[in-house]
Amino acid sequence: MIDVRSLDSAEAFVTADGSAIRELCGIPTGGTTLQSLAEATLAPGRATARHYHAESEEVYFVLEGEADLEIDGDVRRVRAGDAIPIPPGSRHEVTNVGTLPLRFLCTCAPPYRHEDTFFDRGGIIEP
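Reminder that position 25 of the sequence shown reads as 68 in our numbering, one-by-one numbering, no gaps.
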C-alpha cells in the first residue's frame with residue numbers, strides 16, 4: 044500500500060528554533076526512520092534562533108518568499124527555487140526579509156529531533 048501524506052492534514056507545531064513546522068514524515072509522524080521531511084513557515088520580519096544540529100544533515104528548499112540565510116557566519120539571500128545543504132554542526136539562522144510568509148521544505152537525515160538542536164541563544168529573534 045502506498046503511504047501518501049498531505050500538508051492539508053499535517054498538524055503544525057513549533058520547533059525548538061522557533062519556526063512553525065508541519066512534518067510530513069519523520070519520527071513523531073511516522074513514514075520514515077532515516078530522514079524527515081517538513082514544511083516550515085516564518086512570518087515576515089521574523090528569524091529562527093541561531094542553532095545547529097550535532098547529528099542531522101539538513102537541506103532547505105525555498106517554496107515561497109525570500110530570506111537571508113546565515114550558515115557559520117556566511118550570509119546569502121535565498122528565494123523560491125533555491126536548495127541549500129546544511130552540514131551537521133553548522134550554525135545557521137533564517138531571517139524572513141520579505142513581505143510575505145517564508146515557506147520552505149526541510150529535510151533532515153537522521154530525522155529531526157528537538158534533542159539534536161543546540162542554541163547559541165534561545166527563542167525567536169526579532170531582527
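Even for Gly, the Cβ is constructed at its ideal location relative to N, Cα and C.
Worksheet item: Across which residues does DSSP place Thr84 in a beta bridge pair?
Response: Residue 84 sits at position 41 when you count from the first residue of the sequence shown. For Thr84, DSSP records a beta bridge to Ala63 and Arg146.
Worksheet item: How about Arg122 and Asp163: do their beta carbons lie closer than 8 Å?
Response: Translated into the one-based positions of the sequence shown, residue 122 becomes position 79. Translated into the one-based positions of the sequence shown, residue 163 becomes position 120. No, the Cβ-Cβ distance between Arg122 and Asp163 is not below 8 Å.
Fill in: Proximity to Asp125 [Cα-Cα], best of Cys149, Pro131 and Gly116
Against the sequence shown, residue 125 aligns to sequence position 82. Looking at the Cα atoms, Cys149 is the closest of the given residues.
Discussion item. Tell me whether the region 78-90 and the region 128-148 touch, counting them as touching only if at least three CB pairs, one residue from each stretch, are closer than 8 Å.
Written reply: At 8 Å Cβ cutoff, the stretches touch.
Fill in: CA-to-CA distance, Met44 to Val140, given in whole angstroms
Position 97 of the sequence shown, counted from the start, is the residue given in the question as residue 140. Position 1 of the sequence shown, counted from the start, is the residue given in the question as residue 44. C-alpha separation (whole angstroms): 42 Å.
Worksheet item: Does the ligand SAM have even one heavy atom less than 7 Å from the beta-carbon of Ile64?
Response: Because no ligand of any kind appears in the structure shown, any question about the ligand SAM cannot be addressed here.
Discussion item. I'd like to know whether the C-beta atoms of Pro131 and Ala92 end up nearer to each other than 8 Å.
Written reply: For this step, residue 131 is matched to residue 88 along the sequence shown. For this step, residue 92 is matched to residue 49 along the sequence shown. No.
Practice prompt. Might you give, ordered along the chain, the residues of its own chain that have their beta carbon closer than 8 Å to the beta carbon of Thr100, omitting 5 neighbours on each side?
Written response: The residue labelled residue 100 in the question sits at position 57 within the sequence shown. Note on residue identity: the sequence assigns Glu, not Thr, to residue 100. Contacts found: Pro128, Ile129, Pro130, Pro131, Cys151 and Ala152.
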